[in-house]
Structures are given as C-alpha cells and as structure tokens.
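Peer 1: Just dropping this structure here.
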Amino acid sequence: MLLKMPRGRLLLVQKSASLWMPRRMHSNETRTSGMASRAGFFQFLGQITPICAAGGLFYMMIVRRQEEEDQRPVRQIITSQVPAIVGDFIERPVLFQNLQRLILDPDENMDFFVLITGNHKVGKSHLVQRVLQGHQGVFRVTLQDGQTIDSALHGVLGVENDAAMVWAFAEAGKQLGHRPVLLIDIQERVTDTKTLNSISNFCKEFGFEMKLAKVVVTASSAGTASFITGDDRRVDFFVPCFSLEELKKEKAQISKWYGKPVEDTDIDAVFNLTGGVVGDIEATFKQARNTGLPKALSDMKRKVQRDLQNYQCIDCSGGFGPGKVCLATWLAHQVAKSSFQQCFSSFELPFNPSQFGVTVRNLRAHPIYFDPNSSAYCARSPFVHRELGSIKSAENLMKAARV
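In structure tokens form, the structure reads like this:
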C-alpha cells in the first residue's frame, strides 16, 4: 500500500511513525517489549491507512475536476455549430460552392484567413450559415465596441489568458481531426478602432502562422473591412447584390414572403428602391403582406431618402479621409452619369475605397457602395441612381439653408 501512495503522504506516514516509536531502544529491553513496540507500530499504521486512502481519493477528485475544467473550453469549441436556418431563403448556388471550397478545403491547403464583405443585409451571414450547416467545431464570436478579439474570446471560452485559449483550440483540433472554424462577426455598429485593429494581427497569427483554426471574418461594411489588413494572407470574398433577373427567377420564394403570387411588376417596384439587397427585399414584401405594397414601398422610399440626405452631409462634415477630400457630391454625379449596371470606375481619385467606406459607415450614408470585384463605385438601386444626379454641392446646401 505504501508504494502506491504519493510521495507527500508517504513522508507523512513515515514522520508520524517516527514520532510514535521510541527514539532509542535500550540494550537491556526484553525481546518481548521490542515485539510489542513493533506490533503497536503496525497497529497504528493500520489505523491511518484508510485516512491516507481517503486523502488519495480526494486528491484524485481534485485532479479529475481540474482536468474537466481544462477540457470545458475544448468541448465548447468541438460541440459548437452554426444555428439551424429558420424560415425561407433564396439559394445562391454559385456563391455557395465558391465559399464552401474556400472554407472547407483540407487543412493543409488553407494558409490564409477569409474576409467576407458586401452591403448591409445582402445575405453574408446567411450564406456562411448555409455553407457551414451541420459542420462540427464552428465557433462564433461577436465583437462589441471596446473589446479586442482576444478579450472577447477569453470571455466566451471562460479562460484567463492567451496560453489557455491557444491550448483549447489546438486540443480541439486534435480531437476533431481537423482545424475548427472560428467565425468573427463584426456588426455595423462596431466602429472602435482599437477593436477593429486587434483583428488583423490575431487573424494572421491564429489562422496563418499557428494554424489553430480556419478564421472567417464577416464585415458589415467596406469601412469596417478596411481595418483588417492581411497582405497575401487574406482572401477577400465579396457577396454582391442580386440582379433583377436573379430575383425574378425566385418568384416562388418571394411569393411566400408576400403571402400571395407576386407579379413581375411588384418585383420591379421593390427592386427600384432596394436594389438587390435581399434583406430589404424580404422586409418590404413581408410588410406588404400586412399593409399592402404601396405602404411598404412608401416606407422604404423614406428610408432610402434618409440615406441620400446623410450622404449630402459628407462634404460639409470634412469629406473623405484625413486629407478631407470634399468630393462626395462630385462622386455622386459621376455615378449618376455612368450606367446603373456598369457603375463608375477611376484609378486616379484623391481618396481610396477604405477612406470612402469609413466615411459612409460613420455617417450611415449608403446610397453608393464600392464593388471590389469591378473596382467601381455603384448606386445602391435604380431610384438612388436617378437621385444622385440632383444632389447639391456643400456650397449650394449652405446657400439653401441661409435662404
């Protein structure tokens, strides 16, 4: 029994025994008294052995509890999945297949992180959900202003430091047999530069250098995405708006939102205001189901006009970028002169798409967006495209305000 005891408890037994036994055995002691002493020692040992055994069980319980605590964030990562998609949706098979190949490639092929961008409500999160539906080990974290990505992950996982977080993801990968997927969702309301700047280095280290997870970042605006640099370690995936032709192929689904068969003219009217932003299209038809289409279109028109009004304030508020380039009105007119489908492209502008994106995000002014696939500035919808040509310059706005 003693040989199986941990060293600390064996020493305790030895010490207790030495205190109990006489310090010296006098030479004139009888053999009988010596035997009695030894018998007493073994009797004492028999009495404390159950206590040591109980201590051993208690020790093992502590060790087991610590192991369970260490494994808790690992189990949290392993068992995480994207939520099931509820309700009806429009499939985008080409985008689905492209993103699926990008994210779910074998681990050794993925030495980058993925940045997914596109207009607000264009369906980015929904597309990611569809691609990762049923996939094990998909861990999602949503950032709030003032947090860094590290602190957000510490809080969600319940760990105290980076070392524990790194170990949890590494161990989860071993148990899964593949790298887990880490989804970082940046909502439109997140504008804190400390929060956004923390993401770039984390993605490069976590996803590219240490290869602990397949990192996928979803940014709600081009302004947000501009803070997430990655050089050749970042792969951009842009989710475009629906075209009118694509929407008309989805009449069956739109009819479900509308609550009755939808006509081409109804789709034309909604597309005129919303463009191909599927979130706005769905919301308009669902409202029309209760209020009628004219009322739903009127409400959407007011929303679009607020966007245009906010955009008119850009030049008055300092323009684009640190250089305060006041060319918002000029850009609006250039987009209006270009066709709705082709947009406006120029490589010699005194501001860049990132500076444009940050400005329109901060002012919540989104009648124009930058399409990275065509490197062009585009109107959000046909209605907006027509209205951009009548936007007044900052100088004319100030004159009108004085009248």
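Residue numbering for the sequence shown follows my numbering, beginning at 1 and increasing consecutively. Each residue gets a CB set at the ideal place from its N, CA and C atoms; glycine is no exception.
From the DSSP secondary-structure annotation, give me the bridge partner or partners of A376.
Peer 2: D371
Peer 1: Any idea what DSSP makes of K124, helix, strand or coil?
Peer 2: helix
Peer 1: Do you know offhand how far T291's Cα is from G259's?
Peer 2: Distance between the alpha carbons of T291 and G259 is about 12 Å.
Peer 1: Just verifying my parser: in three-state terms, what is the DSSP assignment at D231?
Peer 2: helix
Peer 1: Out of S375, K324, F370 and R386, which has the shortest C-alpha to C-alpha gap to H120?
Peer 2: F370
Peer 1: Do T193 and D145 count as a contact pair if the criterion is CB distance below 8 Å?
Peer 2: no
Peer 1: For S226, which residues in the same chain have their Cβ closer than 7 Å to its Cβ, ignoring the five residues on either side in sequence?
Peer 2: S354, G357 and V358
Peer 1: Spatial neighbours of P73 within its chain, please: C-beta separation below 7 Å, excluding the five flanking residues on both sides.
Peer 2: Around P73, the same chain offers L157, G158, V159 and A168 as residues with beta carbons nearer than 7 Å, after the five sequence neighbours per side are excluded.
Peer 1: Cβ atoms of I281 and L115: under 8 Å apart, would you say?
Peer 2: no
Peer 1: So what does DSSP say about A219, is it helix, strand or coil?
Peer 2: strand
Peer 1: What is the DSSP secondary structure of L182, counted as helix, strand or coil?
Peer 2: strand
Peer 1: Which of the three DSSP states, helix, strand or coil, is assigned to T191?
Peer 2: coil
Peer 1: Assign C343 to buried or exposed, taking buried as 16 or more other Cβ atoms, counted over all protein chains shown, within 10 Å of its Cβ.
Peer 2: So C343 ends up on the buried side.
Peer 1: Taking the alpha helix (DSSP H) that I149 falls in, what are its first and last residues?
Peer 2: Counting along the chain, the alpha helix (DSSP H) containing I149 begins and ends at I149 to L157.
Peer 1: Quick one: is S221 buried, meaning 16 or more other Cβ sit within 10 Å of its Cβ, or exposed?
Peer 2: buried
Peer 1: Are the segment 299 to 316 and the segment 267 to 279 touching by the rule of at least three beta carbon pairs closer than 8 Å?
Peer 2: yes
Peer 1: Helix, strand or coil, according to DSSP, for D236 in the structure here?
Peer 2: Strand.
Peer 1: First and last residue of the beta strand (DSSP E) that includes I116?
Peer 2: F113 to T117
Peer 1: Return the CA-CA distance between I199 and F112, expressed in angstroms with no decimal places.
Peer 2: 14 Å
Peer 1: Please give the ranges of any alpha helix (DSSP H) in the segment 312 to 340, keeping only runs that are unbroken, at least 4 residues long and fully inside the region.
Peer 2: If we require 4 residues or more, the alpha helix (DSSP H) runs fully inside the segment 312 to 340 come out as 328 to 337.
Peer 1: Would you mind giving the Cβ-Cβ distance between P351 and F320, rounded to the nearest angstrom? I have them listed as a contact below 8 Å.
Peer 2: The sequence as given places Phe at residue 351; Pro does not occur at that position. Confirmed, Cβ separation roughly 4 Å.
Peer 1: Assuming Y377 contacts V335 under a Cβ cut-off of 8 Å, what Cβ separation, rounded to an integer in Å, is found between them?
Peer 2: 5 Å
Peer 1: Along the chain, where does the beta strand (DSSP E) that runs through R140 open and close?
Peer 2: Here the beta strand (DSSP E) through R140 covers V138 to T142.
Peer 1: Leaving out five residues before and five after L407 in sequence, what residues of the same chain have Cβ atoms less than 6 Å from its Cβ?
Peer 2: Outside the displayed span of the chain (1 to 403) sits residue 407, for which this structure offers no information.
Peer 1: Tell me which same chain residues have a C-beta within less than 6 Å of the C-beta of M110, skipping the five on either side of it?
Peer 2: K214
Peer 1: Along the chain, where does the alpha helix (DSSP H) containing F206 start, and where does it finish?
Peer 2: Note, F206: premise wrong, no alpha helix (DSSP H); not H, not E.
Peer 1: On a CA-only basis, which of T191, V86 and G279 is nearest T224? Give me that one, please.
Peer 2: T191
Peer 1: Measure the alpha-carbon distance for V128 versus I184 and round it to whole angstroms.
Peer 2: 11 Å
Peer 1: Within a Cβ cutoff of 7 Å, which residues of the same chain sit near K211, ignoring the five residues on either side of it in sequence?
Peer 2: R179
Peer 1: Where does the unbroken alpha helix (DSSP H) through R289 begin, and where does it stop?
Peer 2: V278 to T291
Peer 1: To the nearest angstrom, how far is it from the Cα of K256 to the Cα of Q97?
Peer 2: Roughly 25 Å between the two C-alpha positions.
Peer 1: Out of R364, E263 and K249, point me to the one whose CA is closest to I90's CA.
Peer 2: Nearest of R364, E263 and K249 to I90, Cα basis: K249.
Peer 1: Please state whether DSSP places K214 in a helix, a strand or coil.
Peer 2: strand
Peer 1: Who does F344 pair with in a DSSP beta bridge?
Peer 2: Y377
Peer 1: Write down the C-beta distance between D236 and P372 rounded to the nearest angstrom, noting that I regard them as a contact closer than 8 Å.
Peer 2: 6 Å between Cβ atoms; contact.
Peer 1: In this structure, how does DSSP classify E245 when only helix, strand and coil are distinguished?
Peer 2: helix
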